[in-house]
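Chains as they are written, first to last, in the working numbering: chain R, 1 to 350; chain P, 1001 to 1350; chain V, 2001 to 2350; chain Y, 3001 to 3350.
We put the beta carbon where it would ideally sit given N, CA and C, even for glycine.
Notes to accompany the following structure.
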């Protein structure tokens, strides 16, 4: 059998060598616990530099769920509602974490084409809100995901437009950036342009899916939220005693655009695969590309049996049901891997 | 200036080489996320072997606070009370984590000499409880800490006695084992003897303070608690996507008694320091050893100004106020380090 | 201007004379607080008799929101999901109470025609559930509403069928009976038939909308839930010190079918109004009756301006937006009131 | 046997005739639900007048536990601590309500002689606080109780002094006024003097123990807390649909100093009983008056067997254990009742 090609998820990948090396280097000598160390200091400066925001604060946490739910709990009153897309990870794949950390705050899923939220999505939700009626959970936060859980990337203008609609009604804006590097790399914009300059107050910054060993982070541009997070991360058990080993990963990640280079590898591999799938679709091979694989993730409906043949051919992908598979490339998916995967897919399609 | 000697905390130490090597080795290739990997499987088997309990389950989490608060939230109803010692970390140093994860469950601090709880401590608390009165938080869980937050180690018989008193009133028993390895090494008992055989249902197993890179764990001997923890760890953001890197640390930690060997180094170093402090105390040097440094931690009252001189002499320790300092040795405190520290302490005492 | 006719809500009505008399009578002499009184004892016996269930327990609470959210919090683990209809009060009008009392449990709104849930509604939800996946809130409770928030009444067979589908997947079943008397009166069934015999574990029993002064109640047929509620009602501040004044209301309410007689008055009045609306609709008066006014509540789309004219004519109703009004009759809506309202509606339609 | 005299608790009493009459009168006609009625409007004006504060807001709730826990949850961040006396009802008799509504906020009991907190009590607590350390629950609110749970009344100056110490460290101040009327009546001060003029931000205003049928209230002098309470009371199920029946009770209670007149009756009765107990103590009858019965509550240690003889003689009191009984007078304890009780107590002492 051929060498397997891992396309189930980017979090099945290993660790980027630059990040592993940084961890090993930080292990020499002792350091104050709970973030009172030089690596965490350096990370704070790095983040301010990379995001071009002089009061940005970074809170390393161990998962995207922790980043999302803690950020949202600090942004939303317990009697409020967080608006998000119907497909959002916070709504569908975090087992109520936001309601738990948020003291009963609720998530309200909205529809929006292309797996994105649009100004009109929010306006419809606002029209269906009984404002100032205490029987009704009051919308206080908008949570966007970019790339979306279906792999699409908001343009800077799209994201700014929906954020602006939210802010117009007094909502603050959270960005689930589990794959933020992939979005920034795909758009070619600056991190600031896709975040605070577009109206985002707090970002969940993914790193684990893109080469880190064991850390994601919250990046807050809002002083009040930052103050809350000092305590909220601690009581959630997310302030690691040896935080330096998370900080050094994030610092390496953000240094010299490593995060964007890693993401670009993943995006480029997906572009190769998506092009092949589109070509197969146009020649009537029974393939249907669902949504917009703008970054490193594609959803494809395959002819019955194809997924099974793919698996046998060593292409690991995630079966979603109804003959739909999810393909995700990572920083470890080289161009030859992508071409190899395409070859095996074409074969499996018969 | 001399080479610094780190005695502020064992969590200021680095990573044990065996553990770092295991992490590096696990980084090759891809693996299913969220614990669906071979390292996590192996860890489960290892823990059952080490604890001699065939239904034990391990849940890697990133901090001791997470281990404690999640375990207690799974053990205690939200209207219940967790009894613990007045000096317990869960009560004094976790910012209400148990009440948050526990949906309003409360902690009730009890007194007990030598920083331990005794059957009589519990009996006094029970006498002051309005049982079955819904106005009054009902005791449902006992949380013990061993070694205690003052460095003392319960004997197996002491721990079993207080656990038995708790169980007699229907309480279940949690053990905060942030430094469990140090206790087991100090007692020379088996892990089973100090845990489930002594009446403990769930253990918070520390690893980070004793050589791990970024992980602690919950070890549950109770099936119902285990089932709860599957969901509770997830929604707390403590199920890491790349869990294998936590599992591999814990597996290495528990393999071939590495954890006990690391702990023994720390304990031996403390024994040297404690002996010197006792000697200084007996010759009237103004030193007062507080409590029982049974494992790797001592609390000492020093003559005014001594702490400052120690710091200048490169002996890093933690000032508690009132001229009391805490000294903690770690797996990195070698015997020469300990003797060197003693030398500098003697000099600082003048 | 004519005497106003109150059709905004049944909770705008006053107090039934039998209930007020009972309250006044209970006010003589002193009594033990917190339910340790004879009226509360008598209520427990009454409820067991009326519901034909010898372990039923009643917990008086001050609102339907308290009844619903406390019951659900006792039935659902904090990592679980409560399934309910998209229009359910628990989802839309309780400001997240269930998530708050439930420690982060979430509500998941489902669709179902005629404002009811059907076996197929549940089966679709179950198919869209990742069972045993801790990332996904696990369905554990079904909450039904009868009459629904759109005024329809499940038949006993309909309710039993959907409850059975839920129980088949291990869910327990809650019934929001804010207007349970109206449903039982409309169906002519026994209270047992529409509740525990149909598979319902816990009922929120409305009384305030149907003549009580200041109380609703939870009726639990499940011993474990009852035990939980002893503590959960207390810590929610819902165990009144002078509980006897709630208990005596509920006891009078359930005595000699008073609750059903009061409900029948409301239902009969609505039947008169609904018949007139149907007649107007059939003769093309621009009226559209939405849903099924099976009990004491109707939703009607009126020609533009009609609602305003109705208000001027002293018919108070609740404007829902989009020219839809809600009409609710109460135990105080006499037959002449209903005929009078019909007259004014016909006039307003022009 | 003699007519029983009720001294177990003031919440065992019935309803003041003026309040019952007001409830009955409000029952005629219909009214908007959830506080949109004229009685609730009038109550708001009344409270502003009585408390001489033009932005005071009143939130009727059904119990003192609800008042306390909801107020504290609106005042304290979920990572904060509420400081209170060791004997406080919020700490000992509310089953964790504050931690539940407060999303994990904790209560920290302090010592203070005469069952009161003093500036020195707070200063000791502050010295034992690791300020700004996220591992440690940060004190954010002081909760005082007046009269205390042992029956003592702070002077205005005492209360203002401890409130001032709290405010100096940035804490806000809550007053558990379950028996506020008794304190104000005992002191002869104005309600404003004992509350906001003394530095109190939010008051739990008891009414049920002093003649109301079924309501207590929160009185907030802080706009931010008021805004929070609009939503927090609702989602706690404490916004009654027929709120007018609570509002009318509170309005009658506060009108023409009814509340103070009712309290004075209770206080005067206790003064008679306390004088007799003091006299018995001084003549060596084996009685020991514990604490200061400044208002309507006394704690007394009696010779063995006396409590039983008292019960047989129809004097109902609450046995606390260790031969201590609690005696509480109410608005229904007339002067003859008090003298009669004294007679029976003297007889029981033998």
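Taking a Cβ-Cβ threshold of 7 Å, none of the residues of chain R is close to residue 2085 of chain V; the smallest such distance is about 16 Å. Taking a Cβ-Cβ cut-off of 7 Å, the neighbours of residue 2232 of chain V in chain P comprise 1079, given in sequence order. If you check the CB distance, residue 3141 of chain Y and residue 2240 of chain V do not come in under 8 Å.
DSSP, reduced to helix, strand and coil, places residue 1100 of chain P within a helical segment of the structure shown.
Within the same chain, and ignoring the five residues on either side of residue 2262 of chain V in sequence, the residues whose Cβ sits closer than 7 Å to its Cβ are 2016, 2181, 2210, 2211, 2331. Sequence-distant partners of residue 2150 of chain V (beyond 5 residues in either direction) whose C-beta falls short of 7 Å from its own C-beta, in its chain, are 2087, 2115, 2291, 2299. Taking the C-beta atoms as reference points, residue 1214 of chain P is found no nearer than 8 Å to residue 1071 of chain P.
For residue 2060 of chain V, no CB of chain P lies under 8 Å from its own CB, so it is not counted at the interface with that chain.
Taking the CA atoms as reference points, residue 3134 of chain Y sits about 14 Å from residue 1066 of chain P. Going by C-alpha positions, residue 1230 of chain P is about 34 Å away from residue 1123 of chain P. Under the three-state reduction of DSSP output, residue 1323 of chain P falls in the coil class, being neither helix nor strand.
In the DSSP assignment, residue 2143 of chain V is bridged to V/2174. Rounded to the nearest whole angstrom, the C-alpha separation of residue 257 of chain R and residue 113 of chain R is 32 Å.
Residue 2235 of chain V: member of the alpha helix (DSSP H) spanning 2223-2235, first to last residue. For residue 3064 of chain Y, the three-state secondary structure derived from DSSP is helix. About 5 Å separates the beta carbon of residue 3058 of chain Y from that of residue 3047 of chain Y, a gap short enough to meet the 8 Å contact definition. Annotation for residue 3226 of chain Y: 3057, 3220 place their beta carbon closer than 6 Å to its own, counting only its chain and skipping 5 residues before and after. Among the residues facing chain R, residue 2105 of chain V is included, as its CB has a counterpart in that chain under 8 Å away. For residue 120 of chain R, the secondary structure class from DSSP, reduced to helix, strand or coil, is helix.
Beta bridge pairing from DSSP links residue 2138 of chain V with V/2080.
Interface with chain P (8 Å Cβ-Cβ cutoff): residue 3099 of chain Y is included. In this chain, residue 3297 of chain Y is not harboured by any alpha helix (DSSP H); it is covered by the beta strand (DSSP E) spanning 3297-3301. Think of a sphere of 9 Å around the beta carbon of residue 1139 of chain P: no beta carbon from chain Y falls inside it, the nearest being about 12 Å out. When DSSP states are grouped into helix, strand and coil, residue 1032 of chain P belongs to the coil group. Contact check for residue 1276 of chain P against residue 1342 of chain P passes: the beta carbons are separated by less than 8 Å. At least one C-beta of chain R is nearer than 8 Å to the C-beta of residue 1235 of chain P. According to the DSSP secondary-structure assignment, residue 3218 of chain Y is paired through a beta bridge with Y/3059, Y/3204. The way I'd put it, the stretch 295-314 of chain R doesn't touch the stretch 243-258 of chain R; fewer than three beta-carbon pairs between them come closer than 8 Å. Just so you know, the alpha carbons of residue 3052 of chain Y and residue 3193 of chain Y end up roughly 10 Å apart. In this structure, the CA atom of residue 1176 of chain P is about 14 Å from the CA atom of residue 1208 of chain P. Contact with chain V is found for residue 94 of chain R, since one of that chain's Cβ atoms lies less than 8 Å from the residue's Cβ. Cβ-Cβ distances below 8 Å link residue 1334 of chain P to 1265, 1269 in the same chain, with the five nearest sequence neighbours on each side left out; the list follows chain order. Residue 9 of chain R and residue 339 of chain R have their alpha carbons spaced roughly 18 Å apart. Annotation for residue 2158 of chain V: the continuous alpha helix (DSSP H) segment containing it runs 2156-2168. Of the residues Y/3189, Y/3278, Y/3022, Y/3297, the one whose Cα lies closest to the Cα of residue 3260 of chain Y is Y/3189. CA-to-CA, the gap between residue 96 of chain R and residue 60 of chain R works out to about 21 Å.
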